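Q: Take a look at this one; I'll ask things after.
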Amino acid sequence: MSYNHGLVKGLSRVKAKAIFMLLAVPLFAEAFELSAQRTGAPSRSETRSVPGGLAVTFGAYATRSDAEVVVARLRTAGLPGFHRLSTINASDAWRVYVGPFTNDADAGNARLRALAIRTDVRADIIQVDAIQAEGRKALVGGRTEGWTRIDAVDLFRAYADNEVLANQLYKGRALLVTGEVRLIQSGINGRPLVVLLAGSRFDTVHVNGLSIAEATELVKGQSLTVACVGAGSVIGTPQLRECILH
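Encoded structure:
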């Protein structure tokens, strides 16, 4: 049997190339995913196809007027937006979307810009479920026994890793959340919105419900603990409502 050095050499090159591709493709895919995360590209769960392109899910609201207020704020900020009637937990709700956009990059950039828009309108964001009655009762009573203690960084990571699981653990629950104040803003009707830092400047937790008197005493950079009810997330940002300083 003759030994063909050229054939063996050629097969070796093919084999080496195949091994390279097997190793490289996952790395390229991972690099692409990291690039998407850095540019703020929305996940599949945050976008939907609509006439004209892609739209980023912003939130769901209890009344049409609330949704219209949010859409108006989006447009004032230079972002296209619209709302659609939906049904959540057998009740009417109005979902607000940012868009449409023709590509993922534009949708991702809009998502980051939308994070800066306050959403503390009347009735606030209902997301998918209503706040659990026992959570409200605990807040009214001022008791903290059995509350879940968590810091803002861990709460943000929980939602970033698995929003479905995070909702099971924290949404509608009585929470004691500790974090660093990044922003203190005055929202619609002068109601305070406090933003807690949860990593990078885009990683935040929104605190709703503090009184004006409480908010005026806050200072950017200070550490605080708030007693709140978990309210899901909006575009990846965890929301807290009915908060009081603890």
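Take the sequence shown: its letters are residues -31 to -1, 1 to 215, numbered as in mature numbering (1 follows the signal peptide of the UniProt record, and there is no 0).
Every residue gets a Cβ at the ideal spot worked out from N, C-alpha and C, and that includes glycine.
Because the structure is a prediction, the values reported are computed rather than measured.
1) Please report how far the alpha carbon of C197 lies from the alpha carbon of L214, in whole angstroms.
2) Counting Cβ pairs, one atom from each stretch, are 3 or more of them under 8 Å apart for the segment 122 to 142 and the segment 177 to 188?
3) Kindly indicate the opening and closing residues of the alpha helix (DSSP H) around S34.
4) Hey, quick one: how far does the alpha helix (DSSP H) through I181 stretch, first residue to last?
5) Near S155, what residues of its chain come up, given a Cβ to Cβ distance below 7 Å and the 5 sequence neighbours on each side ignored?
6) Going by DSSP, what residues sit across from T117 in a beta bridge?
7) If the criterion is Cβ atoms closer than 8 Å, does the pair V146 and T206 meet it?
8) Using DSSP bridges, identify the partner residues of Q154.
9) Evaluate R80 with the Cβ neighbour count: other Cβ atoms within 10 Å of its Cβ, from every protein chain shown; 16 or more gives buried, anything less gives exposed.
10) Measuring only the C-alpha atoms, how far is G159 from L152?
11) Have a look at G22 and D75 and give me their C-alpha separation to the nearest angstrom.
12) For L48, name the three-state secondary structure that DSSP assigns.
13) To the nearest angstrom, report how far apart R7 and N78 are at their CA atoms.
14) At the level of alpha carbons, what is the spacing between R126 and A62?
15) Output needed for H52: all residues of its chain with C-beta closer than 6 Å, excluding positions within five of it in sequence on either side, in chain order.
16) Mind checking which residues open and close the beta strand (DSSP E) that includes Q208?
17) Which residues in the same chain have their Cβ closer than 7 Å to the Cβ of M(-11), if we skip the five residues on either side of it in sequence?
A: The answer reads as follows:
1) The alpha-carbon atoms of C197 and L214 are separated by roughly 9 Å.
2) Short answer: they don't touch.
3) Residues 33 to 45.
4) Per DSSP, I181 belongs to the alpha helix (DSSP H) from 181 to 185.
5) Excluding residues within five positions, the ones whose Cβ falls inside 7 Å are P161.
6) Partner(s): L144.
7) Cβ distance not < 8 Å, so V146 and T206 don't count as in contact.
8) Paired residues: L162.
9) By the 10 Å Cβ count, R80 comes out buried.
10) Distance between the alpha carbons of G159 and L152 is about 15 Å.
11) Looking at the two C-alpha atoms, the distance is approximately 11 Å.
12) L48: coil per DSSP, three-state reduction.
13) In this predicted model, R7 has a pLDDT of only 36, less than 50, meaning its place in the structure is not dependable; the value taken from the coordinates is given anyway. Rounded to whole angstroms, R7 and N78 show a C-alpha spacing of 10 Å.
14) Cα-Cα distance, rounded: 28 Å.
15) Excluding sequence neighbours, H52 sits near A36, V40, W63, V65.
16) Taken as a continuous stretch (DSSP letters only), the beta strand (DSSP E) holding Q208 covers 206 to 214.
17) With a pLDDT of 39 at M(-11), under the threshold of 50, the predicted position of this residue should be treated as unreliable, and no value is reported.
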